[in-house]
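Scroll down for the structure; my scribbles are underneath it.
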Amino acid sequence: MSERILGLDEAGRGSVLGPLVVGGFCCEVDDLPEVVAVGARDSKRLSPERRSEVYAHLAAIGTRRSVALAPRTIDRYVADGRLNELELEAFARIVRALRPDVAFVDACDPNAERFGRKLEALAGGSTRVDSRHKADRDLPVVGAASIVAKVRRDAALVALGRRVAESLGTGYPSDPETQACVERHAADGGRVPTWMRRSWATVQRVKRRRPARTLEQYAP
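Per the numbering used here, the very first residue in the sequence shown carries number 2; after that it's consecutive.
Written out as structure tokens, the structure is:
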């Protein structure tokens, strides 16, 4: 049996709506040519339709795994300046579950080596970790992981939109449809829904713009 390798990446880190999804794809080194052949690469370079096709093909080559992190959890970690640590914990869960020989991770820390050392320790030390910037672009196994994360993140957002019966857009602050959703929920200064990341600047800006209450509104 050849060496088992794992790719790790995330999707939705910058989104204001819905979960951050950490994705993993594990296969044997000997299967890498097939991973490349089905079109695994950085998910940002693929159309949604093509991502879904590659995602389906990956099931026959290796193991797909993901962890979804809810907005409330994200807000709690952001409040302490520990968003990277939250991702590390989620990555480590996947490493411990799949126990590859080597894990390749797209580092979200400016210091990729430090990120790798932390992940290796959290994962228990039996898996060697190779942490890099732009790993989703340069390594097919991490590109595959980015597809897993993105497809499952997109599916979660679609399911959320159906559940709350709202138009959410992509969930990113630059999307006008997402901006309109934030305005609907945060403009009155009240509590935002649990599926919205209240710690994000986009939400806080809208909440700060809420209209001032008049004296008449305080009257019994």
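Note that CB positions come from ideal geometry on N, CA and C, so glycine has one too.
Please list the terminal residues of the continuous beta strand (DSSP E) segment that includes residue i.
i, result
"R97", "First-last for R97: L84 to L99, but that is the alpha helix (DSSP H), not the beta strand (DSSP E)."
"G25", "L21 to E29"
"D131", "R129 to R133"
"R77", "It is not in any beta strand (DSSP E) - R77 instead sits in the alpha helix (DSSP H) that spans P72 to A80."
Name the one or two DSSP bridge partners that residue i has.
i, result
"G15", "Bridge partners of G15: none, in fact."
"S53", "The partner list for S53 (beta bridge, DSSP) is empty, contrary to what the question assumes."
"V159", "BP columns for V159 are empty, so no partner."
"G8", "F26 and F105"
"R66", "G25"
Less than 9 Å separating the beta-carbons of residue i and residue j?
i, j, result
"D102", "A136", "no"
"A109", "E88", "Looking at the sequence provided, one finds Cys at residue 109 rather than Ala. Contact: yes."
"K151", "G25", "no"
"D43", "R185", "no"
"W196", "V165", "yes"
"S147", "A12", "yes"
"A113", "S132", "yes"
"S67", "V149", "yes"
"A181", "V204", "no"
"L9", "A122", "no"
"R14", "L84", "yes"
"S3", "V39", "no"
Would you mind reading off the limits of the alpha helix (DSSP H) that contains residue i?
i, result
"C109", "Unbroken run through C109: none, as it is neither H nor E."
"L140", "Counting along the chain, L140 falls outside any alpha helix (DSSP H), and DSSP gives it neither H nor E."
"L169", "Counting along the chain, L169 falls outside any alpha helix (DSSP H), and DSSP gives it neither H nor E."
"A188", "Looking at the DSSP string, A188 is not in any alpha helix (DSSP H), and its letter there is neither H nor E."
"A1", "The chain is shown only over 2 to 221; residue 1 falls outside these bounds and no answer can be derived."
Could you tell me how far apart the beta carbons of residue i and residue j are, in whole angstroms, since I believe they sit closer than 8 Å?
i, j, result
"R198", "V22", "No, R198 and V22 are not in contact; Cβ-Cβ is about 14 Å, not under 8 Å."
"V130", "L140", "Rounded, the Cβ-Cβ distance is 13 Å, inconsistent with contact."
"V143", "L33", "Between L33 and V143 the Cβ distance is about 11 Å, and since that is not below 8 Å, they are no contact."
"A124", "R163", "Not quite, the Cβ-Cβ distance comes to about 35 Å (not below 8 Å), so this is no contact."
"I62", "V36", "6 Å"
"T74", "L99", "That pair is no contact at about 22 Å."
"D176", "P49", "The pair is not a contact, with the Cβ atoms about 14 Å apart (cut-off 8 Å)."
"R5", "C27", "6 Å"
"A69", "V55", "That pair is no contact at about 20 Å."
*Taking 8 Å as the threshold, find out whether the region 165-174 comes into contact with the region 3-20 through three or more Cβ pairs.*
Taking a contact to require three or more Cβ pairs closer than 8 Å, the region 165-174 and the region 3-20 qualify as touching.
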